[in-house]
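Counted the way numbering that gives the first Met the number 0 counts, the sequence shown spans residues 0 to 483. Glycine is no exception: its CB is placed at the ideal position from the N, C-alpha and C atoms. Model, not experiment: these values are computed from the prediction.
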Amino acid sequence: MALPTLRMIAFILGIFLITLGVSMVIPIITLLSMGTPEGLSDFLWPTLITFGCGLAMVLPGQPKNVQLRPRDMYMLTTSSWVVVCIFAALPMVFIQHISYTDAFFETMSGITTTGSTILTGLDNASPALLIWRSMLQWLGGLGFIGMAVAVLPLLRVGGMRLFQTESSDWSEKVMPRSHMVAKSILFVYLGLSLLCTLAYWWAGMSPFEAINHAMTTISTGGYSTSDNSLANWSQPAVHWVAVVFMLLGGLPFTLYVAFLRGHRKALLRDQQVRGFVGFLLLTWLLFGTWLWFNSDNAWLDAVRIVAVNVTSVVTTSGYALGDYSQWGGFAVLLFFYLTFVGGCSGSTAGGLKIFRFQVAYVMLKANLQQMIHPRAVIKQQYNNHQIDEDIVRSLVTFSFFFTITIGVIALGLALLGLDWVTALTGAATAVCNVGPGLGPIIGPAGNFASLPDAAKWLLSVGMLLGRLEIITILVVLTPGFWRH
């Protein structure tokens with residue numbers, strides 16, 4: 000990679016760090032507004048360090064006549080998430096006095112909107128810490144939307160090119176300049192966050208709790224201000240607000256913008272949205288009825304409890320309403336399967352994404368028809384897009400390495416002494432960016448604090464791999480990438 004290109008990447012990273020440093024002022028303002036200024040220095044030093052390093056990277060200026068090629072975007076995407084996470088972990092060290100390993104794990108979980116945590120005592124934690132954790136997930140969710148809409152289709156990662164033509168056609172017809180698309184997505188993101196805040200407040204949360212949970216709900220991150228997560232609030236209205244806005248966070252944000260620009264049926268006609276919403280509704284009803292038969296809950300309460308937990312797992316939010324690992328073997332296995340589903344492409348959700356399951360079904364159906372009618376010419380289409388060999392190859396490659404990554408990380412965790420349930424579900428929840436795993440240690444009633452440091456670093460790598468769709472990072476690690 001040429002030196003001018005590296006300088007350009009460093010310049011962009013410097014802008015990211017300056018933005019991160021400015022964002023650290025918000026927890027300081029929170030402390031001042033709530034009358035608890037004793038923690039100011041804990042955020043002041045990380046703010047100065049982050050802002051200063053960003054300024055040092057920007058001051059040499061932007062290199063002239065340098066354009067980043069698609070291959071350079073792999074490096075920029077990977078390095079930006081890692082560098083931002085390195086500096087965003089500093090406030091955790093200063094304010095919580097925890098090891099940098101724990102701070103990095105917590106921050107990586109926040110930035111990737113995974114929701115796994117090593118912290119306890121959140122009900123009595125510093126307001127600055129709580130707002131910073133929520134901001135990490137909110138910023139990470141917004142960053143991933145931008146990456147999924149603008150970068151991943153360009154890099155042809157994991158079948159994302161299915162949405163490239165749609166995005167480019169739509170942006171050219173509706174808004175002529177790409178930066179207008181980014182502004183519109185930011186506007187939608189802010190609008191949904193505000194609506195979610197008001198809804199949580201109306202449902203019974205305090206304004207501070209509502210702001211924190213709104214940021215972590217829209218980003219499908221799942222960080223809460225309580226160790227008991229959503230179970231800390233007994234009001235059913237709080238739970239249904241969480242369900243609605245987790246679902247909205249799992250839908251494609253480009254379709255929200257298209258809806259606001261006059262394409263009123265954009266959301267309703269999208270095959271991915273219909274499949275995602277239909278899958279959730281069917282799971283709520285069937286699983287809720289099963290829980291009703293096997294518990295003392297009324298049917299509506301059973302459906303509500305299931306809706307919160309299922310939507311949280313499928314959208315990779317990480318909230319929990321009770322310990323569903325105590326519901327029996329069937330429920331535990333079902334939640335493990337749901338870990339892999341994910342939301343829609345172009346949303347804040349992680350996982351495999353619902354469109355990959357739908358495309359796999361289209362391919363299976365076409366192959367079965369081909370076996371019955373060997374000479375027939377069968378078209379394979381998804382959402383009015385032709386599924387060509389390039390997309391099939393990308394999908395198969397991504398799905399293969401997605402599975403292999405979970406397997407390798409699970410083996411690594413088992414090698415470190417973890418039991419097989421913790422190792423397997425920990426690897427799955429990290430790569431899928433879900434949050435809680437299964438079992439007594441990292442299940443919905445536990446956390447990741449007791450894991451050895453090596454396991455936390457390994458899981459941090461898994462979170463990053465899953466968030467960046469795996470192939471983006473694997474390309475950077477190949478020797479051919481670094482050849483001139």
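The Cβ neighbour count for ARG268, taken over all protein chains shown within 10 Å, is under 16; the residue is labelled exposed.
Distance from the CA of GLY145 to the CA of PHE292, rounded to the nearest whole angstrom, comes to 43 angstroms. By alpha-carbon distance to LEU121, the top candidate from PHE329, GLY438, GLN95, VAL272 is GLN95. Short of 6 angstroms from the beta carbon of GLN368, and not among the five residues preceding or following it, lie these beta carbons of its own chain, in chain order: ILE377. By the Cβ rule, the region 355-371 does not count as touching the region 249-262, because fewer than three pairs are nearer than 8 angstroms. For the pair of segments examined, the region 278-290 was found not to touch the region 390-403: the number of CB pairs separated by less than 8 angstroms stays below three.
For ASP41, the closest alpha carbon among the candidates VAL83, LEU19, MET91 is that of MET91. For secondary structure counted as the alpha helix (DSSP H) over 4 or more consecutive residues, the region 283-316 holds these complete runs in sequence order: 298-313. Scanning ASN308, ILE85, LEU250, VAL187 for the CA closest to the CA of TYR99 turns up ILE85.
Counting along the chain, the unbroken alpha helix (DSSP H) around MET370 starts and ends at 353-371. Beta-bridge analysis with DSSP links HIS384 to TYR381. Collapsing the DSSP output to three states places HIS238 in a helix. For VAL460, the secondary structure class from DSSP, reduced to helix, strand or coil, is helix.
Here DSSP, grouped into helix, strand and coil, assigns TYR222 to coil.
Rounded to whole angstroms, the separation of the alpha carbons of MET245 and THR224 is 17 angstroms. Nearest to HIS384 by C-alpha distance, out of TYR318, PHE329, VAL361, PHE339, is VAL361. ALA87 and THR49 have their C-alpha atoms spaced approximately 8 angstroms apart. Here the C-alpha atom of CYS431 lies approximately 17 angstroms from the C-alpha atom of TRP80. LYS63 sits in coil when the DSSP states are folded into three classes, being neither helix nor strand. By the C-beta criterion, the region 207-218 is judged to be in contact with the region 187-198, since at least 3 inter-stretch pairs fall below 8 angstroms. For GLY416, the closest C-alpha among the options ASP452, ILE405, PHE278 is that of ASP452. DSSP places SER228 outside any alpha helix (DSSP H), giving it a letter other than H or E. In this structure, the CA atom of SER115 is about 32 angstroms from the CA atom of ARG70.
Its Cα nearest to that of VAL242, the residue VAL312 stands out among TYR381, VAL312, LEU423.
VAL24 and MET204 have their C-alpha atoms spaced approximately 25 angstroms apart. Under the three-state reduction of DSSP output, LYS455 falls in the helix class. Remark: C-beta atoms of SER218 and GLY249 do not approach each other more closely than 8 angstroms. Note on LYS182: under 16 other CB atoms within 10 angstroms of its CB, so exposed under the neighbour-count rule. A Cβ-Cβ contact shorter than 8 angstroms links HIS238 with LEU320. Residues of the same chain with a CB within less than 8 angstroms of the CB of VAL187, apart from the 5 flanking positions on each side, are PHE252, TYR255, VAL256, LEU259 in chain order. Contact check between the region 411-430 and the region 55-66: fewer than three CB pairs, one atom from each, fall below 8 angstroms, which does not count as touching. Residue ARG68 holds the alpha-carbon nearest to the alpha-carbon of PHE480 among ARG68, LYS364, LEU129, SER459.
In this structure, ILE184 keeps its C-beta atom at 8 angstroms or more from the C-beta atom of THR196.
DSSP, reduced to helix, strand and coil, places GLY249 outside both helices and strands of the structure shown, so it counts as coil. Approximately 6 angstroms separates the beta-carbon atoms of THR404 and ILE469; this is inside 8 angstroms, confirming the contact. By the criterion of a C-beta distance shorter than 6 angstroms, ASN382 is surrounded in its chain by GLN270, once the five residues flanking it on both sides are discounted.
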